[in-house]
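Let me begin by presenting the structure, written as structure tokens, before commenting on it.
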Amino acid sequence: MIRDFSYFKASTVKEALNLLEEHKEDNKIICGGQSLLILMRQGLVAPKNLIDIKNIKELSYVNFDPKGGLKIGATTTHRTIEKSTLVKEHFPVLIELEENLASVQTRNWGTIGGNLAHADPAGDPGPMFIALNAKVKVSSKKKEHTLPLEEFFVDYFETVLEENELLLEVHLPVIPPKTAVAYEKFNIIKNDQGIVSVAASITVGDDGLTCKDSRIVLGAAAATPIRAKQAEQLLIGQKLDDGLLEGVGLKASEESDPVPDIHATEEYRRELVKVLTKRMVKKAWHQSQALA
Amino acid sequence: MEKQLLHITVNNEYHEIYIKPKRLLVEVLRDELGLTGTKRGCNTGACCACTVLIDGAAVKSCSVLAIQADSKEVTTVEGLADGDKLTSLQRSFLDHGAYQCGFCTSGMLISATALLNENPKPKKEQIKEAIHGNICRCTGYNSIIRAVQAVVEGKYREEG
Chain A
186 MIRDFSYFKA
196 STVKEALNLL
206 EEHKEDNKII
216 CGGQSLLILM
226 RQGLVAPKNL
236 IDIKNIKELS
246 YVNFDPKGGL
256 KIGATTTHRT
266 IEKSTLVKEH
276 FPVLIELEEN
286 LASVQTRNWG
296 TIGGNLAHAD
306 PAGDPGPMFI
316 ALNAKVKVSS
326 KKKEHTLPLE
336 EFFVDYFETV
346 LEENELLLEV
356 HLPVIPPKTA
366 VAYEKFNIIK
376 NDQGIVSVAA
386 SITVGDDGLT
396 CKDSRIVLGA
406 AAATPIRAKQ
416 AEQLLIGQKL
426 DDGLLEGVGL
436 KASEESDPVP
446 DIHATEEYRR
456 ELVKVLTKRM
466 VKKAWHQSQA
476 LA
Chain B
15 MEKQLLHITV
25 NNEYHEIYIK
35 PKRLLVEVLR
45 DELGLTGTKR
55 GCNTGACCAC
65 TVLIDGAAVK
75 SCSVLAIQAD
85 SKEVTTVEGL
95 ADGDKLTSLQ
105 RSFLDHGAYQ
115 CGFCTSGMLI
125 SATALLNENP
135 KPKKEQIKEA
145 IHGNICRCTG
155 YNSIIRAVQA
165 VVEGKYREEG
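Chains as they are written, first to last, in our numbering: chain A, 186 to 477; chain B, 15 to 174.
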């Protein structure tokens, strides 16, 4: 049973920031509400004031420029992203992610900003966006600032957002040359949340063989999406071979800190991290070699 | 908590209703407007039995606050047929026995309608994708897919 709340609808960013400031003691922002309403129905979240930003049209956009990269407004729906020709042309890897994110119904109403701000460690965009070096733009009534998405997630369902702050935009910089990104989630039911997911980004050097840079990001393998930084380091300056992959998978598995739940034990998740890391690093490496 | 005025157009009919902001769209459709064709299945956003169209897009009415549908156009299963004239899809569902207990049928019809509005010639894979969130516990998926395919293949015409 959803508990009563006062409802406020914002049509502009300015209105939303004023409302957040006014009700900063006890508020919750709703956009698509595809995750939030489930928690509210279970009584796990019971805000006194609900601030609806779904109708803020100025935050619904997908822009690209060759220098800056891709910018997606917070209230953009998943469906808009997957249908975007700009995304298809410049970040095709996002299309597959979005198409497998949830049912069509959820993608039609749910938004990218809502997904990130909800901070479910099993969310799909988090790990992929971190692998893509994403930044997020956050604002309060008084000031606006930008931070790496990696620093946005603090804990289980918790972000750095203060009570009076709003997530405005996610910014994906242009993918560097000779770089490929791969993502896979393991789940039982298609388009369900991942039991574990892994995103890997590999940049090869001028020889087209040696790994110059790498990012490995694990989803649902800790309280937040996390980078497996030691595993990444093992790749630098190396050439692809199965022994190396084995070590990288193992290291990522050690770096993970999975929370056991009804879907899988800690041990099972660690095993999945190992397998998916090997698979995604290999896939991204092959793709980056093809680009070199 | 104070009720708020909801302005909503459902199946081309405009309504103004006072509701508590916590009311879900499925509750308002069923309990306030008496449109019980929309089914409330899992109540957790997992089964899609409650699928309706909001401004043409298929969404789960159990996962949308009614107040968020303010000033929008909603189509429920009752809004598909024109009086006694069923849509091609509805007739095809009948002919293909594309339901068993019938509980998922309204959601299936709405999801398939949204698909055909967007893409009149979907491939089988695209049909499966469009209804993949709609759960049929009788597992009658194959006849549902066949019913949609028959419409795609032009075996049904809209009755004039």
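Cβ coordinates follow ideal geometry from the N, Cα and C atoms, glycine included. Just so it is clear, the structure is predicted and the values come from calculations on it, not from any experiment.
Cβ atoms of residue j and residue i: under 7 Å apart, would you say?
i              : j              : result
A416 (chain A) : A437 (chain A) : yes
N25 (chain B)  : E92 (chain B)  : yes
G258 (chain A) : S245 (chain A) : yes
I145 (chain B) : M122 (chain B) : yes
L20 (chain B)  : I81 (chain B)  : yes
E354 (chain A) : K252 (chain A) : no
V376 (chain A) : A287 (chain A) : The amino acid at residue 376 (chain A) is misidentified as Val; the sequence shows Asn. Against a cut-off of 7 Å, the Cβ pair of A287 (chain A) and N376 (chain A) comes out as a contact.
N148 (chain B) : C62 (chain B)  : yes
A406 (chain A) : V458 (chain A) : yes
Y192 (chain A) : L222 (chain A) : no
A410 (chain A) : P312 (chain A) : Before going on, a small fix: residue 410 (chain A) reads as Pro here, not Ala. It is a contact, given that the beta carbons lie within the stated cut-off.
I380 (chain A) : F371 (chain A) : yes
M465 (chain A) : A385 (chain A) : yes
S77 (chain B)  : Q219 (chain A) : yes
E284 (chain A) : E267 (chain A) : yes
F314 (chain A) : H275 (chain A) : no
T462 (chain A) : V383 (chain A) : yes
T296 (chain A) : T344 (chain A) : no
Helix, strand or coil for residue i? Go by DSSP, reduced to three states.
i              : result
H146 (chain B) : coil
A164 (chain B) : helix
S386 (chain A) : strand
K194 (chain A) : strand
R400 (chain A) : strand
V339 (chain A) : strand
L457 (chain A) : helix
D237 (chain A) : strand
I141 (chain B) : helix
E132 (chain B) : helix
T296 (chain A) : strand
T364 (chain A) : strand
I266 (chain A) : helix
L229 (chain A) : coil
I421 (chain A) : coil
I447 (chain A) : coil
A416 (chain A) : helix
E439 (chain A) : helix
V73 (chain B)  : strand
I124 (chain B) : helix
D426 (chain A) : coil
Would you list the one or two residues that DSSP bridges to residue i?
i              : result
E329 (chain A) : A:S324
V381 (chain A) : A:F371
H21 (chain B)  : B:E30
G432 (chain A) : According to DSSP, G432 (chain A) bridges with nothing at all.
D250 (chain A) : A:G254
K273 (chain A) : DSSP output for K273 (chain A) lists no bridge partner at all.
H356 (chain A) : A:K256, A:K320
I214 (chain A) : A:I236
K169 (chain B) : In the DSSP output, where bridge partners are listed per residue, K169 (chain B) has none listed.
T89 (chain B)  : B:L67
T101 (chain B) : Note: T101 (chain B) sits in no beta bridge, so no partner.
I411 (chain A) : A:L403
L38 (chain B)  : B:L79
Taking Cβ-Cβ distances shorter than 8 Å, what residues in chain B pair up with residue i?
i              : result
N376 (chain A) : H146, G147
Y246 (chain A) : Near Y246 (chain A) there are no residues of chain B at all, since even the closest Cβ is about 18 Å away, more than 8 Å.
Could you tell me which chain A residues have their CB closer than 7 Å to the CB of residue i, listed as they occur along the chain?
i              : result
C62 (chain B)  : S288, Q290
Q140 (chain B) : Those do not exist, as Q140 (chain B) stays about 10 Å from chain A at its closest Cβ, beyond 7 Å.
Can you name the residues of chain B whose CB is closer than 9 Å to the CB of residue i?
i              : result
N372 (chain A) : The contacting residues do not exist; N372 (chain A) stays about 13 Å from chain B at best.
Q418 (chain A) : Simply none; closest approach about 40 Å.
Who are the neighbours of residue i on chain B, taking C-beta pairs under 7 Å?
i              : result
D237 (chain A) : Q82
Show which residues of chain A have a CB atom less than 8 Å away from the CB atom of residue i.
i              : result
Y120 (chain B) : The sequence shown places Ser at residue 120 (chain B), rather than the Tyr named in the question. In chain order: nothing, as chain A lies at least about 13 Å away.
A71 (chain B)  : R264, N293, W294
G59 (chain B)  : Q219, L222, I223, T291
T65 (chain B)  : Q290
V42 (chain B)  : Correct list: empty, because the minimum Cβ distance to chain A is about 13 Å.
So with CB distances below 9 Å, who are the chain A contacts of residue i?
i              : result
G93 (chain B)  : Correct list: empty, because the minimum Cβ distance to chain A is about 17 Å.
G136 (chain B) : The question names Gly, but residue 136 (chain B) is Pro in the sequence shown. The premise fails here: P136 (chain B) is roughly 12 Å from chain A at the closest Cβ pair, so nothing lies under 9 Å.
Report the neighbours of residue i on chain C: residues whose CB is nearer than 7 Å to its CB, in chain order.
i              : result
Y192 (chain A) : Checking the listed chains, one finds no chain C in this structure; the protein chains it contains are A and B.
Worksheet item: Counting Cβ pairs closer than 8 Å, one from the region 386-401 of chain A and one from the region 291-308 of chain A, do we hit at least three?
Response: no
Worksheet entry | Contact the region 102-115 of chain B vs the region 66-75 of chain B: 3+ CB pairs below 8 Å | The region 102-115 of chain B, when compared against the region 66-75 of chain B, does not touch it at the 8 Å Cβ threshold.
Worksheet item: Any contact of the region 38-57 of chain B with the region 81-90 of chain B, i.e. 3+ C-beta pairs under 8 Å?
Response: The answer is yes - the region 81-90 of chain B touches the region 38-57 of chain B, with three or more Cβ pairs under 8 Å.
Practice prompt. Mind the definition here: the region 31-38 of chain B touches the region 461-474 of chain A only if three or more C-beta pairs lie below 8 Å; say whether that holds.
Written response: no
Discussion item. Count Cβ pairs between the region 203-215 of chain A and the region 332-341 of chain A that sit closer than 8 Å; are there 3 or more?
Written reply: no
Worksheet item: Three or more beta-carbon pairs under 8 Å between the region 416-436 of chain A and the region 320-329 of chain A, yes or no?
Response: Taking 8 Å as the limit for Cβ pairs, the verdict is that the region 320-329 of chain A does not touch the region 416-436 of chain A.
Discussion item. Within 8 Å, do at least three Cβ pairs link the region 379-393 of chain A to the region 291-298 of chain A?
Written reply: No, they do not touch.
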